[in-house]
Amino acid sequence: MTYDIREWAFSNDSELPHQDWDLFITTMDTAPLLLSLSVDPKVAKDKRKVFLACLYLLVGDAVGIVKDRTHLEEVRLFVEQASSNRNYYIQQWVSRSFQLIQNPELFDYEKWCTGDSIFENWDD
Numbered sequence: 000m001t002y003d004i005r006e007w008a009f010s011n012d013s014e015l016p017h018q019d020w021d022l023f024i025t026t027m028d029t030a031p032l033l034l035s036l037s038v039d040p041k042v043a044k045d046k047r048k049v050f051l052a053c054l055y056l057l058v059g060d061a062v063g064i065v066k067d068r069t070h071l072e073e074v075r076l077f078v079e080q081a082s083s084n085r086n087y088y089i090q091q092w093v094s095r096s097f098q099l100i101q102n103p104e105l106f107d108y109e110k111w112c113t114g115d116s117i118f119e120n121w122d123d
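Numbering (numbering that gives the first Met the number 0), first residue to last: 0 to 123.
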């Protein structure tokens, strides 16, 4: 699967390979790759937004949908590791993610799980 993700990231194809592809590729196994591709300047900006949206989905899914403590702890540790990344958008995601993890009642499906249109739902 990581090959397919990389292949699309560096291809000229702007369309997602298939509907709900972002849901399919967003796992703890692919999270480090999604993080790196979301900040890679060699990846087209539109595609970086897709990968960043996948990171939001990863957290939103763990907090608001799956609600499995073990999975949530894995996600929290990943967010903690990502906090060393100095990219503005990653720092914003880290901050928002920690806030959500600490306050799961703040979960808003539109802000966390609706693909790259999520960025239209944040006003901070």
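All C-beta atoms in this analysis are idealised placements derived from N, C-alpha and C, irrespective of residue type, glycine included.
For residue 74, the first and last residue of its enclosing alpha helix (DSSP H) = 68 to 81
query = What is the rounded straight-line gap between the Cα of residue 13 and the Cα of residue 45?
reply = 8 angstroms
inquiry  = Let's see if you can read the secondary structure: which residues bound the alpha helix (DSSP H) around residue 59?
reply    = 44 to 59
task = Work out the CA separation of residue 115 and residue 17 for me, nearest whole Å.
result = Roughly 15 angstroms separates the two Cα atoms.
task = Give me the Cα-Cα distance between residue 47 and residue 11, rounded to the nearest whole angstrom.
result = 13 angstroms
request  = Please report how far the alpha carbon of residue 108 lies from the alpha carbon of residue 59, in whole angstroms.
outcome  = Going from the Cα of residue 108 to the Cα of residue 59 covers about 7 angstroms.
message = Could you check whether residue 39 and residue 81 sit closer than 9 angstroms to each other, using their CB atoms as the reference points?
response = no
ask   = From what residue to what residue does the alpha helix (DSSP H) around residue 97 run?
value = It spans 87 to 101 - the alpha helix (DSSP H) in which residue 97 sits, taken as one unbroken run.
task = Measure the C-alpha to C-alpha separation of residue 19 and residue 31 and round it to an integer number of angstroms.
result = C-alpha separation (whole angstroms): 20 angstroms.
Range of the contiguous alpha helix (DSSP H) that encloses residue 15 = Careful: residue 15 lies outside any alpha helix (DSSP H) and carries neither H nor E.
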